[in-house]
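Have a look at the structure below, then the notes.
Pasting the structure below:
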C-alpha cells in the first residue's frame, strides 16, 4: 500500500460504523486500487435478474457483497437467494435499474 494509505481501509469500504471515509477512490494509487478490487473478481459469481428473466446479470459475489450489505445478507444468509446464489429484483422506476448494477 502507498504510504498515505497505510493502516487505512480502502476508501470505498465503510468503516466499522458503516460510515464512508472522506477519501475518494480517485485518491488511491493505482496499485492500491488494483490490489483491493482485483481479488474480488475471483471466486463464485451470482445471478441477478431485474424484472423478467430476460434482464440477467452475472456478477462477482465478493464484489457485490462488499459494496452492498443487503446483497451480503441475501447471499451469505439462510435465504433462498443464498441457497440458489441468484436473486430476482422487482423492476421499480427510480429504485432498481440495470444501470445501478453496472460498475
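Numbering (this note's numbering), first residue to last: 274 to 376.
Note that CB positions come from ideal geometry on N, CA and C, so glycine has one too.
Open item on the list: Quick check on DSSP: helix, strand or coil for residue 360?
Closed with: Locating residue 360 in the chain shown gives position 87, counting from the first residue. Note: residue 360 maps to strand in three-state DSSP.
Open item on the list: DSSP three-state label for residue 312, please.
Closed with: As a position in the chain shown, residue 312 is number 39, starting the count at 1. Looking at residue 312 - three-state DSSP - the assignment turns out to be helix.
Open item on the list: Is the beta carbon of residue 313 closer than 7 Å to that of residue 345?
Closed with: The count along the chain shown starts at 1 and reaches residue 345 at position 72. The count along the chain shown starts at 1 and reaches residue 313 at position 40. Contact: no.
- [ ] Decide if residue 277 is buried, meaning its Cβ has at least 16 other Cβ atoms within 10 Å, or exposed.
- [x] As a position in the chain shown, residue 277 is number 4, starting the count at 1. In this prediction, residue 277 has a pLDDT of 43, which is less than 50 and means its spatial position is unreliable; nothing more can be read from the coordinates.
Task: Minimum C-alpha distance to residue 359 - residue among 301, 323 and 339 - done: In the chain shown, the residue the question calls residue 359 occupies position 86. If we check each option's Cα against that of residue 359, 323 comes out closest.
Task: Assigned secondary structure, residue 342 (DSSP; H/G/I helix, E/B strand, else coil) - done: The residue labelled residue 342 in the question sits at position 69 within the chain shown. Helix at residue 342.
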